[in-house]
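Asks:
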Amino acid sequence: MSVSANGQGPREKARTPKPKGADSPATPMPISQVPGSSSVAIVPADPVPTDVIMEDSSKCLLDGKTASKYNAMIYEALSTLKDPSGSDTNAIVSFIEQRQEVVPNFRRLLTARLRRLVQQEKLEKVQNCYRLRREALNGTRDPIPKPKENRPSLSQSNRHLGETLEQAAVAAAYKVAEAENKSFVAAEAVKELERVTRMAEEAEAFLQLVQQIYERCATGEVVKVQ
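Quick note on numbering: UniProt numbering labels position 94 of the sequence shown as 94, and the sequence is numbered without any gaps.
(1) Measure the beta-carbon distance from residue 130 to residue 109 and round it to whole angstroms, keeping in mind my assumption that it falls under 8 Å.
(2) Grouping DSSP H, G and I as helix and E and B as strand, with all else coil, what is residue 131?
(3) Buried or exposed: which applies to residue 92, given that a residue is buried once 16 or more other Cβ atoms fall within 10 Å of its Cβ?
(4) How many angstroms separate the CA atom of residue 176 from the CA atom of residue 191?
(5) What does the alpha-carbon distance come out to for the pair residue 80 and residue 105?
(6) Just curious, the beta strand (DSSP E) that residue 126 is in, first and last residue?
(7) List the endpoints of the continuous alpha helix (DSSP H) containing residue 80.
(8) So, with DSSP's three-state summary, where would you put residue 183?
(9) Nearest by alpha-carbon distance to residue 112: which of 75, 193, 67, 85 is it?
(10) How many Å lie between residue 165 and residue 70 at the Cα?
(11) From residue 53 to residue 134, what does the alpha carbon distance come to, in whole angstroms?
(12) Who does residue 87 pair with in a DSSP beta bridge?
(13) Could you have a look at residue 120 and say whether DSSP puts it in helix, strand or coil?
(14) If I'm right that residue 86 touches residue 118 with Cβ under 8 Å, what's the distance once you round it to whole angstroms?
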């Protein structure tokens with residue numbers, strides 16, 4: 001009997017099990033671990049909140065004098081409304097719209113400014129309402145612009161006085177002309193009355209003359225009329 005060098009007979013050699021690696025399915029590797037692959041897993045970024053975009057755009061629109069103006073309007077509204085629990089955006093917008101002309105996107109700009117003031121700790125936000133902080137009430141808030149007093153200048157007063165005097169002179173001239181017209185009409189009426197009176201007197205005298213002639217003719221007297 002022949003024996004192989006490795007100590008296994010022909011049957012044992014034939015029974016040597018084959019590797020099972022070819023039968024079992026390969027375990028899929030993650031995309032990031034595949035050798036030689038240049039693809040990279042892409043994770044979608046979280047969308048930027050709309051409020052942040054609106055606030056950033058509002059910051060660009062509200063700067064300098066515009067921001068101070070909006071601050072003043074907000075402080076005036078909250079100081080006038082005096083709601084202990086705070087005033088919501090609708091109440092603030094309604095208060096301002098009743099007193100001033102606003103831009104079409106005023107509500108969006110005002111809402112962004114309210115949030116900005118809350119971040120700056122100038123306002124307190126209680127649920128959906130806003131109210132002034134005590135520091136703001138003590139004088140740290142922006143001054144509310146006072147309406148300018150339109151005091152007439154000296155030249156305006158003189159011009160107004162001149163216009164008044166001119167109007168008075170025109171009115172006086174009109175009255176004088178009207179009085180003269182009435183006087184002329186009255187004089188013409190007197191003349192007309194005198195003319196009618198003379199005509200009546202002449203008619204009466206003529207009537208008497210005719211009556212006398214008639215009476216004389218009735219007695220048979222011949223009357224010559226020249």
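C-beta: ideal position from N, C-alpha, C; glycine also.
Replies: Straight from the coordinates:
(1) Here residue 130 is taken as the residue at index 130 of the sequence shown, counted from 1. Here residue 109 is taken as the residue at index 109 of the sequence shown, counted from 1. Between residue 109 and residue 130 the Cβ distance is about 15 Å, and since that is not below 8 Å, they are no contact.
(2) Within the sequence shown, residue 131 is the residue found at index 131, counting from 1. In the structure shown, residue 131 sits in a strand (DSSP, three-state: E or B).
(3) As a first step, residue 92 must be located in the sequence shown, where it is residue number 92. Residue 92 should be labelled buried.
(4) In the sequence shown, counting from the first residue as 1, residue 176 sits at position 176. In the sequence shown, counting from the first residue as 1, residue 191 sits at position 191. Cα-Cα distance, rounded: 23 Å.
(5) Here residue 80 corresponds to residue number 80 of the sequence shown, with the count starting at 1. Here residue 105 corresponds to residue number 105 of the sequence shown, with the count starting at 1. C-alpha separation (whole angstroms): 24 Å.
(6) For the purposes of this step, residue 126 is identified with residue 126 of the sequence shown, where counting begins at 1. 123–126 is the extent of the beta strand (DSSP E) around residue 126.
(7) For the purposes of this step, residue 80 is identified with residue 80 of the sequence shown, where counting begins at 1. Counting along the chain, the alpha helix (DSSP H) containing residue 80 begins and ends at 65–81.
(8) Numbered from 1 along the sequence shown, position 183 holds the residue referred to as residue 183. Looking at residue 183 - three-state DSSP - the assignment turns out to be helix.
(9) Looking up residue 112 in the sequence shown gives position 112. Taking only the C-alpha atoms, the option nearest residue 112 is 67.
(10) On the sequence shown, residue 165 is found 165 positions in, with the first residue counted as 1. On the sequence shown, residue 70 is found 70 positions in, with the first residue counted as 1. Our two residues, residue 165 and residue 70, have alpha carbons roughly 46 Å apart in a direct line.
(11) Numbered from its first residue, the sequence shown carries residue 53 at position 53. Numbered from its first residue, the sequence shown carries residue 134 at position 134. Because the pLDDT at residue 53 is just 43, under 50, the model does not fix this residue reliably, and the value given afterwards should be weighed accordingly. When only Cα atoms are considered, residue 53 and residue 134 end up about 30 Å apart.
(12) Within the sequence shown, residue 87 is the residue found at index 87, counting from 1. The partner list for residue 87 (beta bridge, DSSP) reads 130.
(13) As a first step, residue 120 is located in the sequence shown; it is residue number 120 there, counting from the start. Collapsing the DSSP output to three states places residue 120 in coil.
(14) Stepping through the sequence shown from its first residue, residue 86 is reached at position 86. Stepping through the sequence shown from its first residue, residue 118 is reached at position 118. Not really, about 11 Å apart at Cβ, beyond 8 Å.
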